[in-house]
Structures are given as structure tokens and as C-alpha cells.
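A.B. asks: Letter by letter, the sequence shown follows residues -30 to -1, 1 to 498 in mature numbering (1 follows the signal peptide of the UniProt record, and there is no 0).
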Amino acid sequence: MAASSSLPAAVPALLLALLLAAFAPELAAAASSRRPTHQPPPFPAGLAPLHQRRAASSSGRYAASAAAATDNGTAKPFTAHYFQQELDHFTFTPNASRLFSHKYLLNDTFWRRKPAAGPLFVYTGNEGDIEWFTTNTGFMFDIAPEFGALLVFIEHRFYGESKPFGNDSYKSADTLGYLTSTQALADFAVLITSLKQNLSAVDAPVVVFGGSYGGMLASWFRLKYPHVAMGALASSAPILQFDDITPWSSFYDAVSQDFKSESLNCFSVIKAVWDVLDYRGSNDSGLLELSKTFRACKTVRFPSSLSNWLWTAFTYTAMVDYPTPANFMMNLPAYPVKEMCKIIDSFPVGADVVEKAFAAASLYYNYTGDQKCFEMEGGDDPHGLSGWGWQACTEMVMPMTVSNESMFPPSGFSYEEKSEGCFASYEVRPRMNWITTEYGGHKIDKVLKRFGSNIIFSNGMRDPWSRGGVLKNISSSIIALVTEKGAHHLDFRSATKDDPDWVVEQRRQEVEIIHGWIDQYNKDIAQM
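(1) How many angstroms separate the CA atom of Lys166 from the CA atom of Val160?
(2) Please give me, in chain order, every unbroken run of the alpha helix (DSSP H) with length at least 4 that falls completely inside the stretch 212 to 245.
(3) Can you list, in chain order, the residues of its chain whose CB lies under 6 angstroms from that of Glu232, leaving out five sequence neighbours each side?
(4) Going by Cα to Cα distance, which pick from Gly256, Lys230 and Gly251 is closest to Phe284?
(5) Please report the distance separating the alpha-carbon of Lys46 from that of Ala321.
(6) Please name the residue, chosen from Gln153, Ser381, Asp214 and Tyr292, that lies closest to Gly438 on a Cα-to-Cα basis.
(7) Name the DSSP beta bridge partners of Gln55, please?
(8) Would you decide whether Phe221 is buried or exposed? Buried here means 16 or more other CB atoms lie within 10 Å of its CB.
(9) Enumerate in chain order the residues of its own chain whose CB-to-CB distance from Asp112 is below 7 angstroms, with the five nearest sequence positions on each side excluded.
(10) Which stretch, first to last residue, makes up the beta strand (DSSP E) that contains Asn168?
(11) Let me confirm a value: Thr94 is counted as buried when at least 16 other C-beta atoms fall within 10 Å, else exposed. Which label applies?
(12) Using a threshold of 6 angstroms, is the CB atom of Arg420 nearer than that to any non-hydrogen atom of the ligand GTP?
(13) On a Cα-Cα basis, can you pick out the residue from Asp173, Glu480 and His459 that is closest to Lys84?
(14) So, using beta-carbon positions, are Val246 and Val324 closer together than 7 angstroms?
(15) Relative to the C-alpha of residue 512, which residue among Glu454, Ala450 and Gln490 is closest?
(16) Give the secondary structure of Ile448 by DSSP, where H, G and I count as helix, E and B as strand, and everything else as coil.
(17) At which residues does the beta strand (DSSP E) containing Ile124 begin and terminate?
(18) Take Val225 as the anchor and find which of Ala143, Arg432, His51 and Phe135 has the nearest alpha-carbon.
(19) Looking only at its chain, what residues have a beta carbon closer than 7 angstroms to the beta carbon of Asp315, apart from the 5 residues adjacent to it on each side?
(20) Ile426 bridges to which residues according to DSSP?
(21) In or out: Gly136 buried (at least 16 other Cβ within 10 Å) or exposed?
(22) Would you mind stating whether Leu149 and Asn77 have Cβ atoms separated by less than 7 angstroms?
(23) Distance, Cα to Cα, Trp358 vs Arg401?
(24) Please state whether DSSP places Phe48 in a helix, a strand or coil.
(25) Given a cut-off of 7 angstroms, decide if His459 and Ser205 are closer than it, judged by their beta-carbon atoms.
(26) What's the gap between the Cα of Pro115 and the Cα of Leu90?
(27) Check whether the stretch 184 to 196 touches the stretch 423 to 431, counting contact only when three or more Cβ pairs, one atom from each stretch, lie closer than 8 angstroms.
(28) State whether the stretch 246 to 259 contacts the stretch 328 to 342, with contact taken as three or more CB pairs (one from each stretch) at a distance under 8 angstroms.
(29) Please confirm whether Leu187 has its beta-carbon closer than 7 angstroms to some beta-carbon of chain D.
(30) Considering Cα atoms alone, identify which of Ala266, Pro303, Ala329 and Met346 is closest to Asn278.
(31) Which residues does DSSP pair with Asn77 in a beta bridge?
(32) Measuring CA to CA, which of Pro175, Thr107, Thr79 and Ser170 is closest to Asp494?
(33) Near Gly43, which residues of its chain fall below 6 angstroms by C-beta distance, leaving aside the five closest residues on each side in sequence?
(34) Among His412, Ile414, Val440 and Ser395, which has the Cα closest to the Cα of Tyr140?
(35) With DSSP as the reference, identify every bridge partner of Glu266, one or two as the case may be.
(36) Determine the closest residue to Ala207 out of Ala242, Lys467 and Tyr183, with distance taken between C-alpha atoms.
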């Protein structure tokens, strides 16, 4: 999930994006900027074997594909389906009833149909290809047998294959205007309700799951559509990253603290590298030498390209500082922040600060050792996250600054600059306070204590997005599960034999709470 910045940067969401928001994992260099332009990153493995299911329907609003397959030909643990979704749920203009193919994935391997239908566990899709998030959400597959659950993963409109206007979906504000979180939530509600009717499972309980921006959507869905979902598990969901609820410098302060906690020298080297890059990259000969040091595939044109490359590596690594090897963003070892700092600390006294920083960042980009050179400028968007720029310029405005205490160069945030940058890019201006108007956030403990129920907010404090999350219990049924060493939606990853006890315990508590929700729901249904 990518969040907002005062500078017109292009760090795509996952967000977060990073949720990603965010919230995309590419940074486009600013052609004339001295400093890199930034938005925080987006926003989450082995999965159960595929059980081929029949098509939900061969007519009407549904269509099913054959079993999906990976690039090497092995079966994936889901089938892809398409629902004919309405373009606009909130107006009755002539264009509102236009339909588009809305992708979702199903796995019914463990679904209990009798005597009463088992629950639907629904993943509320993020800002990218739904298959990417599905294959990184092994937790749902791990717990499905225990619950007899049907697994449903719904793609977010305007991402992956769910583009209402095909290749023209990002053409202008006329088409992108239908890309909003409220439209996405309505999509989920319509699809879930229709799917339950189609499967003759109208009374089956629904629990929504989401990580990062998807976690924000899951929690908001529970609040907006309590008659559709009776509970939500929102992992690493920074729903308080708006307005002035969370200190604006908190994200990058947290990234910096992750590195500082491993090694003060590591933190100091990274903090020092930015001015050195600016100085050496101030002329063509310096850029040529830096390009060689960074093993760039082509000579870079701007020093900001190199700063962005480093900035991305350090920020994403803090987000995915998992206790076991993972390949969510890149192939990385366990505790990658610690490993980066070991690389920096292994250099002899007096070694070049740029070489130290490059070597550390190479862990992120080239842990497998198969990259001969690095693309510093340009690049593709393998997970289809590019729509986040529009979202960050309309409603998902997350103010972020960099403080003097950070290991990154200090920077501020200006609503006016944000507005002008968005108008230049999309000819729209952000609604700066819309998210807190639509979903709340201010004094959330007082508001939800009397209003909401059945939401788990899970966070790991190694994840910089956690600072914008709910970190304390709000009521007996709105629970915050916080782990000191957890990272970005770590709890949603598949269980492994090497998981620390605190991860195992966090997941155990989540399962226990969800069991309680479903048991109570079934008792209520039986009394009707």
C-alpha cells in the first residue's frame, strides 16, 4: 500500500503502493529533483493442493475458468471465476449499469456443505493482481480444514483482470473516477451475497480477511456491511494513517528504528549515504562512476534514481522483516534487516559509505545472486499496482514526513503541494479528509466501543505501517493482537516449522476468536 507524499513521487502501492498505500514496488526517478521522490511502499508459502470445483454457474452473472496453473505447469490451489459486476453502485446514471468482468478465486477443498454450510472466508483484495495476494495468504488455507470453510479471494476493481474499461481503464479521470474504496466495498458485498445465493448457502457465516490496504478494506467492510460479514481479521491495516491521527513522521521513524535496533553503525552509514550520492552525482563523470558502483544496466541520468533504489530496498526490507525466509516482495532470508546490517558492519574501517549501502541493498534485489546488473530507471509493474497513484491522489491521502532523527533525508508534507501534483497528474484534486469522514478514525476507541464488534486488528511492531494501526483493544470483541517482532501481515503467511512461538500464538488466538464468532452466529441462526 503506498501512502501519500508531498512530492510527486511514484512509489506504487502495496500499499500498502502499501497498502499498501498501499497500500507499487517501482520508484520512478524524478527528472530534475535533487532528492529522491517518495511514497511509502504498498501493501501481502506453500498452499494446499488444488481441488477442482465445478463452475458456480454457466450462465447469468457468473463464469468459471479452467483450473489455474503456475508458470511451470503445476496446479494452483484455486480456480478463477468471473462475476458480471455493475460499474457504479451509487448512482442511476445511464453508465451506472454497465457491467464488467470481476475476477475472484475459489477453493472448496475443505468446504463443509452438510448438515449446515460451513463459513465463507473471504479475502478483500488489495491494489494488485489477486493471485499474488492469494499465494501469499497461506494462513487462510491452513485454517480452512478446521472450519470447513470455503475460501474466496476477490480482486479489487481496476486491478489485475478486473478492469471495467479494459486497457482504457487508466485513460483519464472519466474512467478512473470509478476507482474508489467505497465502490470496491460495494463490489464485495454484491458478489458475496450473490455467490451465497448461487451456492444455496444464504445462512452461511462470512468472515472477511485482508492485509495492509486489504486489511483496511476488511475492517471497513465489517463496519459498513455488518449484515454481509459477521467478522473481520484486518492484518497490518493502517486505518489511522490519515489526517493528524498518527504522527506524520512515524512511518520512516519506524523504518529507521528497525535498522538502528540491529546496529548503530548500520543506521549511521545509511543516514550518511544520501549526501554523498548527491555530491558525487552532481556531474556526468560522477554519475558514470556511481553507475559502475551500483552495477546499473545503463548509465543513470539522475542521482535521485540511485537514492530511490536504496530507499526502496531499505523501506521494503523493514516491512517484510520476517523471521523465516520469504519471497513476498523479493527472495529474502530470515530477518533481512539484521542480514543487511551484518553486511554493512563487515566492511573494514574507512570503507566507502556508498559501497557499504550498495552491498546492503543488493541483499534485497539480488539475494539469489542471479542479477548481473540492475535496472535503476524505468521498469515494469509485474503485479499490476499502478492504479494506486490515482487512489493516493483522490481519497487515500496519508500525510508522511521524514524527521531529522530518521536515517532518511528530512522532508515535509504540504496539502497544497499534494493537490497541485495530483492535478498535474490526473486533473483531479484530493479530498484530503474523505476517508475519516466516510469510515471514521478520530477517537476510534470511543466510537467503536459502542458501535462496532467482531474485528481483529493484528500488527507487528517491526512493520512501519503498524504505527497507523489499532494497537489496543477497543472492546471485548474489537481486539488488537500486537507482536513486538512481527512484520507486515506476517500472521497471514503459511505456517512453517521454523515459525517463532509468538507467531504461532498470535495465529492461535486469531483462530480461537473466529471460532467464538462463528459459534455465536450459529446459535443465533438456530434460534431464528
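Every residue, glycine too, gets a C-beta built ideally from N, C-alpha and C.
C.D. replies: Taking the structure as given:
(1) Reading the sequence shown from its first residue, position 196 is the one you call residue 166. Reading the sequence shown from its first residue, position 190 is the one you call residue 160. The alpha-carbon atoms of Lys166 and Val160 are separated by roughly 10 angstroms.
(2) 220 to 232
(3) Locating residue 232 in the sequence shown gives position 262, counting from the first residue. Counting only Cβ-Cβ distances below 6 angstroms, and skipping sequence neighbours, we find Val307, Lys308 and Cys311.
(4) As a position in the sequence shown, residue 284 is number 314, starting the count at 1. Selected option, being the one with the closest Cα: Lys230.
(5) Residue numbering aside, residue 46 sits at position 76 when the sequence shown is read from its first letter. Residue numbering aside, residue 321 sits at position 351 when the sequence shown is read from its first letter. Between Lys46 and Ala321, the C-alpha separation is close to 47 angstroms.
(6) Mapped onto the sequence shown, residue 438 falls at position 468. For the residues Gln153, Ser381, Asp214 and Tyr292, the minimum Cα distance to Gly438 belongs to Asp214.
(7) If you number the sequence shown from 1, residue 55 lands on position 85. Its beta-bridge partners are Phe70.
(8) In the sequence shown, residue 221 corresponds to position 251, counting from 1. Phe221 is buried by the Cβ-count criterion.
(9) Locating residue 112 in the sequence shown gives position 142, counting from the first residue. Closer than 7 angstroms at the Cβ level, and outside the excluded window around Asp112, lie Ser464 and Ala465.
(10) Looking up residue 168 in the sequence shown gives position 198. Element bounds for Asn168: not the beta strand (DSSP E) but the alpha helix (DSSP H), Ser151 to Asn168.
(11) Numbered from its first residue, the sequence shown carries residue 94 at position 124. Answer is buried; the Cβ neighbour count reaches 16.
(12) With respect to the ligand GTP, the structure offers nothing, as it holds no ligand at all.
(13) Here residue 84 is taken as the residue at index 114 of the sequence shown, counted from 1. Nearest option by C-alpha distance: Asp173.
(14) By 1-based counting over the sequence shown, the position of residue 246 is 276. By 1-based counting over the sequence shown, the position of residue 324 is 354. Going by C-beta atoms, Val246 is nearer than 7 angstroms to Val324.
(15) Here the chain covers residues -30 to 498 and nothing more, so residue 512 does not appear.
(16) For the purposes of this step, residue 448 is taken as the residue at position 478 of the sequence shown. Strand at Ile448.
(17) Your numbering for residue 124 matches position 154 in the sequence shown. Taken as a continuous stretch (DSSP letters only), the beta strand (DSSP E) holding Ile124 covers Leu120 to Ile124.
(18) By one-based count along the sequence shown, residue 225 stands at place 255. That would be Arg432, whose Cα lies nearest to the Cα of Val225.
(19) Position 345 of the sequence shown, counted from the start, is the residue given in the question as residue 315. Ser233, Asn235 and Cys236, listed in sequence order.
(20) Along the sequence shown, one-based indexing puts residue 426 at 456. Leu203 and Ile449.
(21) Numbered from its first residue, the sequence shown carries residue 136 at position 166. Exposed, since its Cβ has fewer than 16 Cβ neighbours within 10 Å.
(22) Position 179 of the sequence shown, counted from the first residue, corresponds to residue 149. Position 107 of the sequence shown, counted from the first residue, corresponds to residue 77. Result no, Cβ atoms of Leu149 and Asn77 do not sit closer than 7 angstroms.
(23) Here residue 358 corresponds to residue number 388 of the sequence shown, with the count starting at 1. Here residue 401 corresponds to residue number 431 of the sequence shown, with the count starting at 1. Whole-angstrom Cα-Cα distance: 15 angstroms.
(24) Within the sequence shown, residue 48 is the residue found at index 78, counting from 1. Strand.
(25) To locate residue 205, count along the sequence shown from 1; it is residue 235. To locate residue 459, count along the sequence shown from 1; it is residue 489. A contact, by the Cβ cut-off of 7 angstroms.
(26) Position 145 of the sequence shown, counted from the first residue, corresponds to residue 115. Position 120 of the sequence shown, counted from the first residue, corresponds to residue 90. So the two alpha carbons sit approximately 12 angstroms from each other.
(27) yes
(28) no
(29) In the structure shown, chain D cannot be found, because there is only a single protein chain.
(30) To locate residue 278, count along the sequence shown from 1; it is residue 308. The option with the nearest alpha carbon to Asn278 is Met346.
(31) Counted from its first residue, the sequence shown places residue 77 at position 107. Answer is Leu121, bridged to Asn77.
(32) As a working mapping, residue 494 is identified with position 524 in the sequence shown. Residue Pro175 is the option with its Cα nearest to Asp494.
(33) In the sequence shown, the residue the question calls residue 43 occupies position 73. For Gly43, the predicted model reports a pLDDT of 46, less than 50, meaning its position is unreliable and no value from the coordinates is stated.
(34) Residue 140 sits at position 170 when you count from the first residue of the sequence shown. Nearest of His412, Ile414, Val440 and Ser395 to Tyr140, Cα basis: Ser395.
(35) In the sequence shown, counting from the first residue as 1, residue 266 sits at position 296. Checking the sequence, you will find Ala at residue 266 rather than Glu. DSSP, once it has assigned bridges, lists Phe344 as partnering Ala266.
(36) Sequence index remark: in the sequence shown, residue 207 carries index 237 (1-based). If we check each option's Cα against that of Ala207, Tyr183 comes out closest.
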